[in-house]
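Engineer: I'd like to ask some things about the structure below.
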Amino acid sequence: MNDRYSGSMTIPAEIPSYLQVVALPRECGPVLVPSAYEDENGHMNIRHYFDLEAQAIAEVFDRMGITDDYRATRGQGFFTAEHHIRYYAEVHVGDRVSVHARLVARSDKVVHAMAFLVDDTTERLASTLEVTATHVDLTSRRVVPFADDVAEAVDRELARTDVDWPAPVCGAMGIRARA
């Protein structure tokens, strides 16, 4: 690390192993990486990491009941407030990948989640997508608290993905405490 940046960099949690990640629920895949995903550098293009990881987060929200029906009947949903992607290993055409996800934390209006894209061919963690999503009223476009049933669904998901290793969060985002 360059010393001139060492004071401003966040030190992430230890990166989980492949075996730790695949113990989480698989939300997407396995997907055999097609040649259409390759970029000019000879590995999978960044947009495909994001698409697969975002799809995994969407699966978690669907399981919590945040579906098209929820949005239509309640007029509420989630907006992504922030996201952060980290890349740990290259993925190449012909590799088999899958995405696992976990919730990290919640408040009464915000969910902090992570998706973990693993290369099942090389048995390595390739990338993480960290997301904070705010619960909103779709008419007013304002942040609103979860209803009790949504809070319970979020808590069930937190318990479902509770593991004995810390999420490798970036440290610059998450659930913010109110003053």
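The sequence shown begins at 197 in this note's numbering and counts up one residue at a time.
Even for Gly, the Cβ is constructed at its ideal location relative to N, Cα and C.
A quick note: this is a predicted structure, and the numbers were derived from the prediction, not measured.
(1) Can you give the beta carbon distance from A309 to I253, rounded, assuming they're within the 8 Å contact cut?
(2) Under the rule that 16 or more other beta-carbon atoms within 10 Å means buried, what is R200, buried or exposed?
(3) Enumerate, from N- to C-terminal direction, the unbroken alpha helix (DSSP H) stretches of 4 or more residues contained entirely within the segment 263 to 297.
(4) Among T263, Q251, H331, G238, which one has its Cα closest to the Cα of S294?
(5) Suppose contacts are defined by Cβ-Cβ distances below 8 Å. Is V257 in contact with V332 by that definition?
(6) What first and last residue would you give for the beta strand (DSSP E) that runs through R346?
(7) Ordered along the chain, which non-local residues of its own chain (more than five positions away) have a Cβ less than 8 Å from that of I371?
(8) Evaluate E210 with the Cβ neighbour count: other Cβ atoms within 10 Å of its Cβ, from every protein chain shown; 16 or more gives buried, anything less gives exposed.
(9) Under DSSP, the beta strand (DSSP E) around A329 begins and ends at which residues?
Structural biologist: Reading it off the structure:
(1) Locating residue 309 in the sequence shown gives position 113, counting from the first residue. Locating residue 253 in the sequence shown gives position 57, counting from the first residue. Sure, about 6 Å apart at Cβ, within 8 Å.
(2) Here residue 200 refers to the residue found at position 4 when the sequence shown is read from its first residue. Only weak support is given to the placement of R200: the predicted model assigns it a pLDDT of 38, under 50, and the question is left unresolved by the model.
(3) 264 to 270
(4) By one-based count along the sequence shown, residue 294 stands at place 98. Residue Q251 is the option with its Cα nearest to S294.
(5) Position 61 of the sequence shown, counted from the first residue, corresponds to residue 257. Position 136 of the sequence shown, counted from the first residue, corresponds to residue 332. Per the sequence shown, residue 257 should be read as Phe rather than Val. Going by C-beta atoms, F257 is not nearer than 8 Å to V332.
(6) Start at 1 with the first residue of the sequence shown, and residue 346 comes out as number 150. Note that residue 346 is Val in the sequence shown here, rather than Arg. Segment 344 to 356 is the alpha helix (DSSP H) holding V346; no beta strand (DSSP E) there.
(7) As a position in the sequence shown, residue 371 is number 175, starting the count at 1. Excluding residues within five positions, the ones whose Cβ falls inside 8 Å are A301, R302, S303, V306, H308, T328.
(8) Reading the sequence shown from its first residue, position 14 is the one you call residue 210. Counting Cβ neighbours within 10 Å, E210 comes out exposed, since fewer than 16 surround it.
(9) On the sequence shown, residue 329 is found 133 positions in, with the first residue counted as 1. Looking at the DSSP string, the run of the beta strand (DSSP E) that includes A329 is 320 to 333.
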